[in-house]
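To start, the structure itself, in structure tokens.
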Amino acid sequence: MTSITKTIIHAFEKDEGHEHIHIPAKPYSNPYLVGIGLGLVLLAAFVIMGRGLGASGALSTIVATTVNTIAPEHASGNNFYSEYVGDGTTNPLMDWLIFQTIGVLVGGFISGTVSHRVFKGVEKGPRISTKMRFVYAFMGGGLLGYGAKLARGCMSGQALSGGAVLNLGSWVFMMMVFVGGYAAAYFMRRQWT
Amino acid sequence: MKKLWLSLSLNKKLALVAVGLGAIALFAGDPYGGTTIKVNEKAIALSTVENADKVSVTELADWIIKGKSDFELIDLRSEEKYNEYTIPGSQSIPLPQLSSSDLLRNQKIVLFSEDDVAASQAWFILKSKKYKGVYILDGGLNTWKEKVLFPKAPANGSKDDLAKFEKMK
Amino acid sequence: MNAPFFKFEYFNSDVSLIIAFVIGIAFGIALEKGGFGRATILASQFYFTNMRVLKVMFTAIVTAMLGLYFLSVIGFVDLSLVYLTQTNLLPMAVGGLIAGLGFIIGGYCPGTSMVAVATGKLDAMVFVVGMIFGILVFGEMFPGIENFFNSGFMGTVTLPSYFNLSYGLVVFLVVLMAVGAFAAAEWGEKVMAAKTGKEKL
């Protein structure tokens with residue numbers, strides 16, 4: 001319990017001095033039980049929809065639709081954007097993944113609120129400033145956005161969903177994610193430890 | 194046993210259940226229900242280049258005359274057509290029943306239909322089920338009729354062919 | 363009853379959007395409960411101090427895999443109708459490597475960043491902006507890398523068909539591998555905890 005408290009305090013250390021009523025957060029549950037729960041959600045998606053979960057796809061649709069709104073010729077000349085925008089017969093934003101992702105936001109908020117884990121803050125290790133954390137977060141996000149598009153999916157879509165159906169490309173992706181993460185971990189240790 | 198089970202932590206119980214289910218999976222069978230086929234399209238495409246899987250009607254006629262019996266001759270047309278006329282020595286397996294037939298993978302199989310089409314389709318089905326010796330009668334029954342049954346004597350008609358024809362009858 | 367239900371047209375695509383929303387809520391709850399809304403927990407996977415990511419992820423994969431397998435074997439689910447992404451070998455390997463780098467540098471993956479945004483984490487919001495930027499860069503670069511993107515195409519390949527093993531055998535091997543990884547993870551955490559004297563979160 002003390003380490004969670006410490007981390008919460010750390011998260012505010014370089015902050016502008018916001019006041020927060022400090023309610024200790026509930027500890028996290030057994031990871032295997034959580035995994036089974038997540039697996040059942042995934043299974044439900046397979047059984048009901050015949051597809052798995054996803055995350056990066058929703059963002060891609062939004063990006064592509066925005067580009068298309070601003071510069072339609074540019075978007076239609078580009079195979080990546082045009083695939084997400086579609087042929088104009090359906091609204092690209094009425095997309096399964098977008099609705100699912102909105103659900104994730106809602107679900108995360110609900111669960112966080114119930115467990116008193118919703119608060120404004122910055123997740124980082126003790127040896128780094130908030131500013132640097134933001135720089136790294138942006139860089140990491142950029143890499144992940146790029147890599148996920150190259151691999152046609154992210155951890156949710158490829159690793160989790162593709163993994164469960166024993167898709168070869170998904171397992172290759174998953175293994176390489178671990179390789180990349182562990183390889184760069186040494187260089188990023190100041191950010192996290 | 195029950196005591197042993199109860200003494201295990203939750204995590205170990207979960208692990209045992211998982212491994213148990215996995216072990217059952219070893220014997221539970223094919224989740225696709227056996228209707229899918231794995232096709233190595235490259236190999237199949239390559240095997241067509243040599244035309245090694247074709248048998249000409251004259252070759253077949255030759256084998257029949259010589260009394261070769263190391264191959265199975267399959268008539269893929271309907272049973273009615275089979276009863277009307279068929280190439281001597283053939284058995285009737287209409288195409289829709291090909292999958293459930295008892296043809297063996299190591300047999301030499303010669304397929305024919307009215308023309309090449311059904312035979313080619315059947316060839317693909319059998320090849321993708323890893324049958325090795327599958328052959329298509331080039332031109333099918335139509336060519337058989339044309340060249341073997343009612344051949345028009347070629348300009349420099351060979352005595353051999355006519356002799357064969359006589360033997361066939 | 364036949365599954366997947368949508369593929370057998372038990373409901374139309376408008377209803378499927380509602381279902382997407384509901385499934386998303388469940389997904390978000392599961393992720394948040396798992397501690398995945400926090401970059402520090404996600405990152406500690408790569409320092410062996412907290413192996414939650416591996417445990418939750420592989421448990422989820424094994425659960426869904428076993429569920430799907432047995433439901434297919436009894437004929438309830440038509441496995442051939444379940445969506446399988448195509449495999450483009452090299453792009454997916456390279457994309458995975460890049461994504462892995464992004465994971466440890468950014469501290470999130472797309473799904474978890476959403477959960478973190480929902481629980482108020484500012485760095486997650488920056489991460490999402492970064493992702494949008496990354497996708498944009500990819501899109502703009504796309505004409506140039508389109509060939510690479512489509513290279514290594516292998517159709518839709520599963521592990522069983524690639525290694526020419528029966529599906530059930532691969533299921534069994536995956537379970538074994540996962541349980542083995544869990545055992546190693548538990549051991550790794552103990553070792554790290556003893557070394558640093560820290561409690562894990």
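Residue numbers (the numbering used here), protein chains in the order written: chain A, 1 to 193; chain B, 194 to 362; chain C, 363 to 563.
Built from N, CA and C at the ideal position, the CB exists for glycine as well.
For residue i, the three-state DSSP class (helix, strand or coil)
{"i": "Thr520(C)", "result": "strand"}
{"i": "Lys329(B)", "result": "Contrary to the premise, residue 329(B) reads as Ile rather than Lys in this sequence. Ile329(B) falls in the strand class under three-state DSSP."}
{"i": "Leu53(A)", "result": "coil"}
{"i": "Asn450(C)", "result": "strand"}
{"i": "Val85(A)", "result": "helix"}
{"i": "Val479(C)", "result": "helix"}
{"i": "Asn167(A)", "result": "strand"}
{"i": "Phe515(C)", "result": "strand"}
{"i": "Ala151(A)", "result": "coil"}
{"i": "Ala365(C)", "result": "strand"}
{"i": "Ile21(A)", "result": "Confidence at Ile21(A) is low in this model, with a pLDDT of 42, below 50, so the placement of that residue is unreliable and no value is reported for it."}
{"i": "Asn410(B)", "result": "With chain B represented from 194 up to 362, any question about residue 410(B) goes unanswered, as that position is not in the structure."}
{"i": "Ser174(A)", "result": "A quick correction: the sequence has Met, not Ser, at residue 174(A). Looking at Met174(A) - three-state DSSP - the assignment turns out to be helix."}
{"i": "Ile497(C)", "result": "helix"}
{"i": "Lys206(B)", "result": "helix"}
{"i": "Asp376(C)", "result": "helix"}
{"i": "Val41(A)", "result": "helix"}
{"i": "Arg133(A)", "result": "helix"}
Rounded straight-line distance, which links the Cα of residue j to that of residue i
{"i": "Leu209(B)", "j": "Ile423(C)", "result": "16 Å"}
{"i": "Ile217(B)", "j": "Phe432(C)", "result": "10 Å"}
{"i": "Asp485(C)", "j": "Gly492(C)", "result": "10 Å"}
{"i": "Ile318(B)", "j": "Val34(A)", "result": "45 Å"}
{"i": "Gln191(A)", "j": "Gly469(C)", "result": "10 Å"}
{"i": "Ala184(A)", "j": "Gln448(C)", "result": "28 Å"}
{"i": "Phe178(A)", "j": "Lys195(B)", "result": "39 Å"}
{"i": "Ile267(B)", "j": "Pro344(B)", "result": "23 Å"}
{"i": "Gln100(A)", "j": "Leu160(A)", "result": "15 Å"}
{"i": "Leu428(C)", "j": "Val212(B)", "result": "11 Å"}
{"i": "Leu239(B)", "j": "Gln284(B)", "result": "29 Å"}
{"i": "Ala164(A)", "j": "Glu551(C)", "result": "26 Å"}
{"i": "Trp316(B)", "j": "Lys417(C)", "result": "48 Å"}
{"i": "Asp223(B)", "j": "Gly107(A)", "result": "36 Å"}
{"i": "Pro453(C)", "j": "Gly396(C)", "result": "30 Å"}
{"i": "Asp15(A)", "j": "Phe119(A)", "result": "Any reading at Asp15(A) must be qualified, since the residue scores a pLDDT of 41, below 50, and its modelled position is unreliable; no value is offered."}
{"i": "Cys65(A)", "j": "His74(A)", "result": "Checking the sequence shown, residue 65(A) turns out to be Thr, not Cys. C-alpha separation (whole angstroms): 12 Å."}
Integer-rounded CB distance, given that residue j should sit under 8 Å from residue i
{"i": "Val250(B)", "j": "Lys340(B)", "result": "5 Å"}
{"i": "Gly39(A)", "j": "Gly386(C)", "result": "Their Cβ separation, rounded to whole angstroms, is 16 Å, which puts Gly39(A) and Gly386(C) out of contact at 8 Å."}
{"i": "Leu463(C)", "j": "Gly50(A)", "result": "Contact doesn't hold; Cβ gap of about 33 Å is too wide."}
{"i": "Gly458(C)", "j": "Phe173(A)", "result": "4 Å"}
{"i": "Val479(C)", "j": "Gly142(A)", "result": "Val479(C) to Gly142(A), Cβ: 17 Å. No contact."}
{"i": "Ser56(A)", "j": "Gly145(A)", "result": "7 Å"}
{"i": "Phe420(C)", "j": "Val41(A)", "result": "Rounded, the Cβ-Cβ distance is 15 Å, inconsistent with contact."}
{"i": "Ile98(A)", "j": "Ala148(A)", "result": "Wrong, their Cβ atoms sit about 16 Å apart, outside the cutoff."}
{"i": "Leu430(C)", "j": "Trp96(A)", "result": "Incorrect: roughly 19 Å between the Cβ atoms, too far for contact."}
{"i": "Ile329(B)", "j": "Leu304(B)", "result": "6 Å"}
{"i": "Gly181(A)", "j": "Phe465(C)", "result": "5 Å"}
{"i": "Ile403(C)", "j": "Gly140(A)", "result": "That pair is no contact at about 15 Å."}
Test: residue i CB closer than 8 Å to a CB of chain A
{"i": "Leu207(B)", "result": "yes"}
{"i": "Leu201(B)", "result": "no"}
{"i": "Ser442(C)", "result": "no"}
{"i": "Asn335(B)", "result": "no"}
{"i": "Lys195(B)", "result": "no"}
{"i": "Asn204(B)", "result": "yes"}
{"i": "Val519(C)", "result": "yes"}
{"i": "Ala546(C)", "result": "no"}
{"i": "Gly542(C)", "result": "no"}
Cutoff 8 Å: residue i Cβ touching any chain C Cβ
{"i": "Ala221(B)", "result": "yes"}
{"i": "Ala218(B)", "result": "yes"}
{"i": "Glu19(A)", "result": "Low confidence applies here, because Glu19(A) scores a pLDDT of 40, under 50, leaving its location unreliable and the question unanswered by this model."}
{"i": "Gly121(A)", "result": "yes"}
{"i": "Arg152(A)", "result": "yes"}
{"i": "Ala55(A)", "result": "yes"}
{"i": "Leu239(B)", "result": "no"}
{"i": "Tyr328(B)", "result": "no"}
Identified DSSP bridge partners for residue i
{"i": "Gln429(B)", "result": "What is shown of chain B runs 194 to 362, which leaves residue 429(B) out entirely."}
{"i": "Leu304(B)", "result": "Ile267(B), Ile329(B)"}
{"i": "Lys247(B)", "result": "Ile329(B)"}
{"i": "Gly457(C)", "result": "Bridge partners of Gly457(C): none, in fact."}
{"i": "Val439(C)", "result": "Ala365(C)"}
{"i": "Gly121(A)", "result": "Lys483(C)"}
Any chain B beta carbon closer than 8 Å to residue i
{"i": "Leu498(C)", "result": "no"}
{"i": "Asn30(A)", "result": "yes"}
{"i": "Gly462(C)", "result": "no"}
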